[in-house]
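Residue numbering for the sequence shown follows numbering that gives the first Met the number 0, beginning at 0 and increasing consecutively. Where a beta carbon is used, it is the ideal one built from N, C-alpha and C, also for glycine.
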Amino acid sequence: MAKLSDWLKANNITQKRFAEIIGANQAAVSRYCQDRVPDRDRMAKIHSATNGEVTANDFFDLDDPDRAAPEVAAE
Numbered sequence: 000m001a002k003l004s005d006w007l008k009a010n011n012i013t014q015k016r017f018a019e020i021i022g023a024n025q026a027a028v029s030r031y032c033q034d035r036v037p038d039r040d041r042m043a044k045i046h047s048a049t050n051g052e053v054t055a056n057d058f059f060d061l062d063d064p065d066r067a068a069p070e071v072a073a074e
């Protein structure tokens, strides 16, 4: 389980490079790193590109019931 921003840092991958890998633009990856939830298709690409280390659940803080659900990013 990892936040996308943490995974990118740990793997020394820039947002720009990761965007190329998943077929997005850098601005979208920046939003995902700020906890915006990708749509289903993009989430599948993130999951695959990170070898399953970043999952849809990583965009939600299920341990904090007071935290509002993140906004789903528009593509």
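Between the options, which lies nearest to residue i when the distance is taken from Cα to Cα?
{"i": "aspartate 38", "options": "Phe58, Glu52, Glu19", "result": "Phe58"}
{"i": "lysine 44", "options": "Glu19, Arg30, Ser29, Gln33", "result": "Glu19"}
{"i": "isoleucine 21", "options": "Glu52, Val53, Gly51, Ser47", "result": "Ser47"}
Locate the alpha helix (DSSP H) running through residue i, then write down its first and last residues.
{"i": "aspartate 28", "result": "Here the sequence assigns valine to residue 28, which means aspartate is not the residue at that position. 25–32 is the extent of the alpha helix (DSSP H) around valine 28."}
{"i": "glutamate 19", "result": "14–21"}
{"i": "lysine 44", "result": "39–48"}
{"i": "lysine 8", "result": "3–9"}
Rounded to whole angstroms, how far is the Cβ of residue i from the Cβ of residue j, which I believe are closer than 8 Å?
{"i": "alanine 9", "j": "valine 53", "result": "Actually they do not touch by this definition, with Cβ atoms about 11 Å apart."}
{"i": "glutamine 14", "j": "glutamine 25", "result": "5 Å"}
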